[in-house]
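Beneath this line is the structure, given in structure tokens, with notes to follow.
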Amino acid sequence: LWLPRHGPIRTCAAAGREPPLPQALAIGRGEAVALNFRETAPAAARADLFLNADGSVNRERATRSLLSTAVPGSVAGLVQVQRRYGCLPLEAVIQPAIQLAERGFPVGAELARSLREAQPLLASDPTSRRLFFRPPEPTARHGESPQRWRAYRPGELLRQPELAASLRCIVVQGEACFYRGRLARALAALMRRGGGLITQADLARYRAPWMRPLQTVFRGHPVLTMPPPSGGGATLLQLLNVLAPLDLARTGLNSAATIQPMVEAMNLAYRDRNRLLGDPDQLAMPLGQLLSARYAEGQRRQLRSDRHRPAAELEAERSPAEGGTNTTHISVVDRDGGLVATTTTLNTAYGNGISVPGAGFLLNNEMDDFTAAVGAANAYGLRQGAQNAIAPGRRPLSSMTPTLVFRPDGAPLLATGSPGGSRIITTVLQVLLNRLVHGLNLASAVAAPRLHSQLWPDQISHEEGFSADTLRLLEAKGHKLVLVPAMGSANSVEVRYSAAGGAQPSGSLGVADPRRLDAAAVPERP
9 LWLPRHGPIR
19 TCAAAGREPP
29 LPQALAIGRG
39 EAVALNFRET
49 APAAARADLF
59 LNADGSVNRE
69 RATRSLLSTA
79 VPGSVAGLVQ
89 VQRRYGCLPL
99 EAVIQPAIQL
109 AERGFPVGAE
119 LARSLREAQP
129 LLASDPTSRR
139 LFFRPPEPTA
149 RHGESPQRWR
159 AYRPGELLRQ
169 PELAASLRCI
179 VVQGEACFYR
189 GRLARALAAL
199 MRRGGGLITQ
209 ADLARYRAPW
219 MRPLQTVFRG
229 HPVLTMPPPS
239 GGGATLLQLL
249 NVLAPLDLAR
259 TGLNSAATIQ
269 PMVEAMNLAY
279 RDRNRLLGDP
289 DQLAMPLGQL
299 LSARYAEGQR
309 RQLRSDRHRP
319 AAELEAERSP
329 AEGGTNTTHI
339 SVVDRDGGLV
349 ATTTTLNTAY
359 GNGISVPGAG
369 FLLNNEMDDF
379 TAAVGAANAY
389 GLRQGAQNAI
399 APGRRPLSSM
409 TPTLVFRPDG
419 APLLATGSPG
429 GSRIITTVLQ
439 VLLNRLVHGL
449 NLASAVAAPR
459 LHSQLWPDQI
469 SHEEGFSADT
479 LRLLEAKGHK
489 LVLVPAMGSA
499 NSVEVRYSAA
509 GGAQPSGSLG
519 VADPRRLDAA
529 AVPERP
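The sequence shown stops at residue 534 when you use our numbering, and every number in between is there.
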């Protein structure tokens, strides 16, 4: 968050506009803060939690069981930020969400598609099946149709009365309802019955600390983002520092000559992310070194313009800094130029697919963001190190990259971020490069085709929209190219000024990423 000195930012907009998507959910002129409401491992968690007897990773246990659920942090985070900076009482902020849950909302085409695809996961849990699917219709002849429960269709009304009751409890009791009250008891009871690890004591211990954002200056623009346990912010700033001196505007947007150093820098940065980053409450990390100008210069010297350096080659090297889909992102700007970028998630779509009986909400599978075994890939293909091993009370490394950018004079410019797992970081990077280097307006910067590389798997994943000539040149340099569906959803906002260098905001621009049909840009009410 960035808060102008002359007025409180309307963080009620960010806290109260969590969309109905069950599959996701100090600058000179003011104050910049970061709030860490990342999940934590239960006290009973151990490093070998997801390992089979032969040492292999049990993917089912890591992603689809109650063992995969970490202690949730979203309620503590959103209530805390509203209490400290919001302009409305909690009841006024949450009431629209209560009405949506209670009265229902028409299911859109995107949610209907998502529910159909997730039916094998969700329908296996009795509570989730009842919450998100229509029951079989009885027939006069057989009493009940033999057809299975079906997903909601576009236009049908989805009501969530149990979720509405949970939100009312939070209105009355604040986060205490979730961490020490009725919802805590319901969640802990489910864990006891189903073999999960979270206890009422784990929930009561949860805290969401305020932190200092990470910061760099990219071509004169201060850039602020999340510190660890988000690995996204440090990796983004490392990439910006490495790429800043390169003349990417001259080589051109999405040309092979521009993409080559970007991809090689991505692979080096992800190597550091996977080996060196983790929970700052439990681990020492060389952040100062990783974000230094000297380190960026050393990384730049490793970039090859003539060929791709294979992942195995980079993995075999020691990093110079080494000692001995599905998420929701919201960007908000208010009339005073205050900015909020917030990213929340269940990890994979619909988490582990298990809902809390009587409470109306799904559980995350965030424990899969830990390192189950060094070198083993998680749900996003990341091969992480011992720094991110499962440990009691530890927060898993994430790729969330909520980011604020300022003009060189310190005035607020834009807020951005994205869902997308490990692809979040490179999505945000490309939005910033498109806007600040290539001069695209914000809508074009968000809509432009994207690519991604993360060391392992050793490939460039790319959307449609890159020229055949560019792809051919990249293949000639040794890259494996894989066409993938749309990546991320970089919903972004920008502060507008009446004149170049003007001191007072004259308006704002919101951009909903066209890659997601359910993304939206919502103007502030007067």
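Beta carbons: idealized from backbone N, C-alpha and C, even for Gly.
Host beta strand (DSSP E) of residue i (start-end)
{"i": "I338", "result": "T335 to V341"}
{"i": "F186", "result": "That residue, F186, is in no beta strand (DSSP E); its alpha helix (DSSP H) goes A184 to Y187."}
{"i": "S122", "result": "Per DSSP, S122 belongs to no beta strand (DSSP E); it is in the alpha helix (DSSP H), A117 to L130."}
{"i": "A223", "result": "The sequence shown places Gln at residue 223, not Ala. Segment L222 to F226, the beta strand (DSSP E) holding Q223."}
{"i": "E39", "result": "G38 to A40"}
{"i": "L422", "result": "P420 to T424"}
{"i": "G515", "result": "P513 to V519"}
{"i": "L11", "result": "W10 to P12"}
Pairwise C-alpha distance: residue j and residue i
{"i": "K485", "j": "E272", "result": "11 Å"}
{"i": "S64", "j": "Y358", "result": "25 Å"}
{"i": "V180", "j": "L98", "result": "9 Å"}
{"i": "A197", "j": "Q107", "result": "28 Å"}
{"i": "V413", "j": "A131", "result": "42 Å"}
{"i": "L525", "j": "E118", "result": "6 Å"}
{"i": "Q392", "j": "G239", "result": "11 Å"}
{"i": "R67", "j": "F58", "result": "7 Å"}
{"i": "A105", "j": "A265", "result": "48 Å"}
{"i": "L251", "j": "P269", "result": "8 Å"}
{"i": "R200", "j": "E170", "result": "21 Å"}
{"i": "A21", "j": "A476", "result": "For A21, the predicted structure reports a pLDDT of 48, less than 50, and the residue's modelled location is therefore unreliable. A value from the coordinates is still provided. Answer to the nearest angstrom: the Cα atoms are 43 Å apart."}
{"i": "G217", "j": "C185", "result": "Residue identity differs from the one stated: residue 217 is Pro in this sequence, not Gly. Their backbone Cα atoms lie some 19 Å apart in a straight line."}
{"i": "L29", "j": "R121", "result": "For L29, the predicted model reports a pLDDT of 46, less than 50, meaning its position is unreliable and no value from the coordinates is stated."}
{"i": "G306", "j": "A292", "result": "22 Å"}
{"i": "L43", "j": "R215", "result": "11 Å"}
{"i": "A148", "j": "W157", "result": "For A148, the predicted structure reports a pLDDT of 48, less than 50, and the residue's modelled location is therefore unreliable. A value from the coordinates is still provided. Spanning the two alpha carbons is a distance of roughly 18 Å."}
{"i": "P493", "j": "E471", "result": "6 Å"}
{"i": "D376", "j": "R69", "result": "9 Å"}
{"i": "N262", "j": "F474", "result": "7 Å"}
{"i": "P365", "j": "R188", "result": "17 Å"}
{"i": "R317", "j": "R309", "result": "13 Å"}
{"i": "R8", "j": "E110", "result": "Given that the chain is displayed from residue 9 to residue 534, the structure contains no residue 8 and the question cannot be resolved."}
{"i": "F113", "j": "F140", "result": "13 Å"}
{"i": "A32", "j": "L248", "result": "With a pLDDT of 43 at A32, under the threshold of 50, the modelled position of this residue cannot be trusted; read the value that follows with caution. Answer to the nearest angstrom: the Cα atoms are 28 Å apart."}
{"i": "I362", "j": "A394", "result": "29 Å"}
{"i": "G36", "j": "N386", "result": "In this prediction, G36 scores a pLDDT of 47, lower than 50, which makes its location untrustworthy; no coordinate-derived value is stated."}
{"i": "S536", "j": "P522", "result": "Here the chain covers residues 9 to 534 and nothing more, so residue 536 does not appear."}
{"i": "C95", "j": "R312", "result": "51 Å"}
{"i": "L9", "j": "T409", "result": "13 Å"}
{"i": "T351", "j": "L222", "result": "16 Å"}
{"i": "C177", "j": "V454", "result": "38 Å"}
{"i": "G515", "j": "P420", "result": "12 Å"}
{"i": "A380", "j": "A53", "result": "12 Å"}
{"i": "A40", "j": "Q512", "result": "18 Å"}
{"i": "S452", "j": "P253", "result": "23 Å"}
{"i": "G510", "j": "L295", "result": "35 Å"}
{"i": "G331", "j": "G286", "result": "Reliability fails at G331, whose pLDDT of 48 lies under 50, so the model's placement of it is uncertain and the value that follows must be treated cautiously. Looking at the two C-alpha atoms, the distance is approximately 14 Å."}
Counterpart residues of residue i in DSSP-defined beta bridges
{"i": "I7", "result": "This structure cannot settle anything about residue 7, because the visible part of the chain is limited to 9 through 534."}
{"i": "A349", "result": "S339"}
{"i": "S363", "result": "L370"}
{"i": "M219", "result": "A42"}
{"i": "F141", "result": "A159"}
{"i": "L285", "result": "Answer by DSSP bridge pairing: none, since L285 is not bridged."}
{"i": "T233", "result": "L222 and T411"}
{"i": "P114", "result": "L165"}
Residue range of the unbroken alpha helix (DSSP H) whose run includes residue i
{"i": "T478", "result": "A476 to A484"}
{"i": "Q88", "result": "S82 to Y93"}
{"i": "E502", "result": "Note, E502: premise wrong, no alpha helix (DSSP H); beta strand (DSSP E) at S500 to Y505."}
{"i": "P162", "result": "Per DSSP, P162 belongs to no alpha helix (DSSP H) and is neither H nor E."}
{"i": "L171", "result": "P169 to Q181"}
{"i": "S452", "result": "L450 to A455"}
beta-carbon residue i near the ligand GTP non-hydrogen atom, thresh 7 Å
{"i": "P114", "result": "Ligands are entirely absent from the displayed structure, and the ligand GTP is therefore not among its contents."}
* Asked: Counting pairs of beta carbons, one from the segment 336-348 and one from the segment 496-504, are three or more of them closer than 8 Å?
  -> Counting C-beta pairs with one atom in each stretch, the segment 336-348 and the segment 496-504 have three or more that are closer than 8 Å, which means they touch.
* Asked: Touch check for the segment 389-408 and the segment 481-496: three-plus C-beta pairs under 8 Å?
  -> Result no; under three Cβ-Cβ pairs closer than 8 Å.
* Inter-stretch contact at 8 Å, needing at least 3 Cβ pairs: the segment 275-283 / the segment 454-470 -> They touch, by the three-pair rule.
* **Segment contact, 8 Å Cβ cut-off, at least three pairs: the segment 225-232 with the segment 196-213** => Flag = no, the segment 225-232 and the segment 196-213 do not touch.
* Touch test, the segment 81-90 against the segment 131-144, Cβ-Cβ under 8 Å, three pairs minimum -> Because the criterion of three Cβ pairs below 8 Å is not met, the segment 81-90 and the segment 131-144 do not touch.
* contact_flag[the segment 253-261, the segment 422-431] where n(CB pairs < 8 Å) is 3 or more -> Under the Cβ criterion (8 Å, minimum of three pairs), the segment 253-261 does not count as touching the segment 422-431.
* Between the segment 157-174 and the segment 109-125, do at least 3 Cβ pairs fall closer than 8 Å? -> Flag = yes, the segment 157-174 and the segment 109-125 touch.
* Taking only runs of the alpha helix (DSSP H) that begin and end inside the segment 241-307, which ones reach a length of at least 4 residues, in chain order? -> The DSSP assignment places complete alpha helix (DSSP H) segments of no fewer than 4 residues inside the segment 241-307 at 256-259, 264-284 and 295-298, in order along the chain.
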